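Structure record follows, encoded as structure tokens.
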Ligand code: B12
């Protein structure tokens, strides 16, 4: 890679370190996405995956269902991710690095209209994260990272140019025989099958069962028209182990 691209790469890492603070709350990585994205992202074959950890004490209060505290926490983390990735994209544009900022999630209204049938949006942040080598997909379809387990929320920035360091994608699950999230899922949405990049979500996880349960918890526990649960996030032993990271 030419010196100019190497210099550009260093500048990108400096910008990320400047905005993704405090460092202990963030992970990020670089993804090669050629051939993996929706046509609407034509030409954007590279990505930056960014993960922001959730507060352990709030996650661990999710025992038999979501709490109001968890709901406002994950919305606050969405806002923080959107703000930080927005600022990073502005700096990348200053350097004439073409980029697309993909928002952390979609609204409940969009979930219930545009994405109602498929529960599939234009870009899977988890896919960018596995391509960046940040983690694998667990049995209840969460990204599991060594640093935070599934206790994180994600966002992604797409890039046109290969001004990113090489990354080592993770293609198969490292959950082994653990079935804790499968058993604790109140919707019984997972069948325990292990993920790898050749199998589709539907083969191991029923997202519509998950949504129905999330909606029911929104009504019964938060008196809100919200989709929230988090029991799989809280129960994962990799997340428990990650507390001291
Ligand atoms: C639609 C959606 C939902 C739906 C459906 C959930 C689902 N599992 O599909 C509902 C409303 C039910 C939901 C619920 C929740 N959600 Co939600 N949701 C989304 C949203 C907006 C789109 C996901 C999407 O398009 N899925 C389509 C399917 C096909 O892809 P996928 O599920 O992302 O994952 C597949 C690919 O990544 C693929 N893959 C991975 N690597 C590779 C590599 C290659 C080469 C290939 C081919 C494929 C591949 O493997 C996965 C399985 O097939 C994302 C935000 C986003 N844009 O990613 C947040 C997101 C997935 N949700 C998130 C969370 C935290 C939740 C909840 C825990 C929140 C809560 N409500 O309490 C629950 C439970 C989630 C669960 N166990 O999955 C986080 C996940 C963080 C993590 N640690 O993984 C995300 C990323 C939001 C964020 N910004 O952090 N959600």
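Numbering (the working numbering), first residue to last: 1 to 245. Built from N, CA and C at the ideal position, the CB exists for glycine as well. Please read these numbers as outputs of a predicted model, since none were measured by experiment.
Here residue 152 has 27, 51, 52, 53, 54, 143 and 145 as same chain residues with Cβ atoms under 8 Å from its own Cβ, once five neighbours each way along the sequence are excluded. The Cβ neighbour count for residue 119, taken over all protein chains shown within 10 Å, is under 16; the residue is labelled exposed. Between residue 190 and residue 139, the gap from beta carbon to beta carbon is short of 8 Å. The segment 38-126 is shown to contain whole alpha helix (DSSP H) runs of 4 or more residues at 56-60, 68-94 and 108-112, in chain order.
Per the Cβ contact rule, the segment 27-46 is in contact with the segment 155-164 (3 or more Cβ pairs under 8 Å). The residues 237, in chain order, have a CB closer than 7 Å to that of residue 178 in the same chain once the five nearest residues on each side in sequence are set aside.
DSSP places residue 203 in no alpha helix (DSSP H); its state is neither H nor E.
In this structure, the beta-carbon distance from residue 200 to residue 171 does not fall below 8 Å. If you look at residue 184, you'll find it isn't in any beta strand (DSSP E); it sits in the alpha helix (DSSP H) that goes 180-184.
Setting aside the 5 residues that flank it on each side, residue 93 is surrounded in the same chain by 99, each with a C-beta closer than 8 Å to its C-beta; the list follows chain order. DSSP lists 52 as the beta-bridge partner residues of residue 26.
Residue environment: residue 21 is assigned as exposed (fewer than 16 neighbouring CB atoms within 10 Å of its CB, all protein chains considered). Within 7 Å of the C-beta of residue 233 there is at least one heavy atom belonging to the ligand B12. Beyond the five residues adjoining it in sequence on each side, residue 218 comes within less than 7 Å, by CB distance, of 224, 225, 226, 227 and 228 in the same chain, given in chain order. The residue among 233, 235 and 8 with its C-alpha nearest the C-alpha of residue 95 is 8. Relative to residue 13, the option among 88, 42 and 185 whose CA is nearest is 88. Pairing residue 123 with residue 61, the inter-Cα distance amounts to about 30 Å. In this structure, the ligand B12 has no non-hydrogen atom nearer than 7 Å to the beta-carbon of residue 31. Straight-line spacing of the CA atoms in residue 23 and residue 169 works out to 22 Å. The three-state reading of DSSP puts residue 31 in strand, counting E and B together.
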